[in-house]
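Each residue of the sequence shown is one higher than the last, beginning at -12 in my numbering.
C-beta atoms are modelled at their ideal positions from N, C-alpha and C, and glycine is treated no differently.
Working notes, beginning with the structure itself.
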Amino acid sequence: MTKTNQPLLALNDIVTKVNAGTPNEVMILKHLNLNIYDGDFITVLGSNGAGKSTLFNTISGELPVTDGQIKLRGRDITHLSVEKRTAFLARVFQDPKMGTAPRMTVAENLLLANQRGKRRTLRLRRLKQHMAQFKELTASMDSNGLSDRLNTATENLSGGQRQALSFLMATEQRPDLLLLDEHTAALDPKTSEQLMVQTNQRVTQEKLTCLMITHHLDDALKYGNRLIVLDQGQIKYDVRDEEKAQLTKEQLLSFFDTIE
């Protein structure tokens, strides 16, 4: 289906450099253009050094834009701070230790995530009143046992449980844009597959707009309505909907051969 509405997020002619102004200056994103629409679930592929993490760091504000413009629903957010972007953007990293407070319990972490983008004031946290909600929420992650560990410190969880918690925290307030930065890469194959199934279920049911970096071609083909390939800081391939559904692993590998 061709989308003609305004993009949720538009990256226009984006240039991102690291070590700018030094002898080690390197241009990573090279006049990149990308329109992301409401409900897009985009899998992101690319070889090492192609610019995938830089793309995510640019969208999240971790890296400043050297040139170009980023717009959210038509509003210029190019120079918006990382903190202000958390009002509409959430991210899950590859490392399960990132994104959670280790000495806080599962329930306390979820309560913290519940306040994402909201004005912070001094008030009672009312944790007990949220326990039934958190029990139901964690149970949605199927059989990883997270719902039975609401009072467990996050540092005592398994890697899979901790990453499931990070994912729930990122999606609890239904962000406008969700960035999944190889969020299953540090897990064993079985746990990784379980989290991917749960990820797809939540993203599609909640109609979240999501970009997911992955090195697994099978996951890139199986999940999402759209697939993009980065190479040398530019998007060299962008396929969606029925065209993506008909794409084979062999065709994708053949395309990689042409850009290497």
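What residue does the alpha helix (DSSP H) around residue i start on, and which one ends it?
| i | result |
| --- | --- |
| residue 205 | 204 to 209 |
| residue 167 | No alpha helix (DSSP H) holds residue 167; the beta strand (DSSP E) holding it covers 164 to 168. |
| residue 146 | 146 to 158 |
| residue 239 | 236 to 246 |
| residue 42 | 39 to 47 |
| residue 72 | 69 to 72 |
| residue 56 | Counting along the chain, residue 56 falls outside any alpha helix (DSSP H), though it belongs to the beta strand (DSSP E) covering 54 to 59. |
| residue 189 | 176 to 192 |
| residue 98 | 93 to 101 |
I'd like to check one pair, residue j with residue i: are the Cβ atoms closer than 8 angstroms?
| i | j | result |
| --- | --- | --- |
| residue 40 | residue 76 | no |
| residue 96 | residue 141 | yes |
| residue 219 | residue 37 | yes |
| residue 69 | residue 49 | yes |
| residue 32 | residue 222 | no |
| residue 153 | residue 83 | yes |
| residue 18 | residue 2 | yes |
| residue 124 | residue 98 | no |
| residue 264 | residue 205 | The chain is shown from -12 up to 247; residue 264 falls before or after that span and cannot be answered. |
| residue 118 | residue 94 | yes |
| residue 81 | residue 172 | yes |
Applying the criterion that 16 or more other CB atoms from any shown protein chain within 10 Å of the CB defines a buried residue, is residue i buried or exposed?
| i | result |
| --- | --- |
| residue 137 | buried |
| residue 168 | buried |
| residue 51 | exposed |
| residue 110 | Legend: pLDDT at residue 110 = 49, less than 50; position of this residue unreliable, value from coordinates given subsequently. Looking at its Cβ environment, which holds fewer than 16 other Cβ atoms inside 10 Å, residue 110 is exposed. |
| residue -5 | buried |
| residue 108 | Caution is warranted here: a pLDDT of 48 is assigned to residue 108, below 50, making its placement in the model unreliable, and the coordinate value is therefore given only provisionally. Under this definition residue 108 is an exposed residue. |
| residue 184 | exposed |
| residue 240 | exposed |
| residue 150 | buried |
| residue 161 | exposed |
| residue -7 | exposed |
| residue 72 | buried |
| residue 143 | exposed |
| residue 170 | buried |
| residue 238 | exposed |
Got a sec, what are the start and stop residues for the beta strand (DSSP E) residue i sits in?
| i | result |
| --- | --- |
| residue 128 | Run containing residue 128: none; DSSP gives neither H nor E here. |
| residue 78 | 76 to 79 |
| residue 199 | 197 to 200 |
| residue 22 | 13 to 23 |
| residue 225 | 221 to 227 |
| residue 32 | 28 to 33 |
| residue -1 | -4 to 5 |
| residue 216 | 213 to 218 |
My guess is that residue i and residue j are in contact by the Cβ rule of under 8 angstroms, so how many angstroms apart are they, rounded?
| i | j | result |
| --- | --- | --- |
| residue 195 | residue 158 | 7 angstroms |
| residue 201 | residue 45 | Contact doesn't hold; Cβ gap of about 19 angstroms is too wide. |
| residue 87 | residue 156 | 7 angstroms |
| residue 174 | residue 182 | 7 angstroms |
| residue 207 | residue 214 | 6 angstroms |
| residue 28 | residue 212 | 5 angstroms |
Would you call the segment 49 to 57 and the segment 227 to 234 in contact, with 3 or more CB pairs under 8 angstroms?
Too few Cβ pairs lie closer than 8 angstroms, so no.
Check whether the segment 8 to 17 and the segment 171 to 187 are in contact - that is, three or more C-beta pairs closer than 8 angstroms.
They do not touch, by the three-pair rule.
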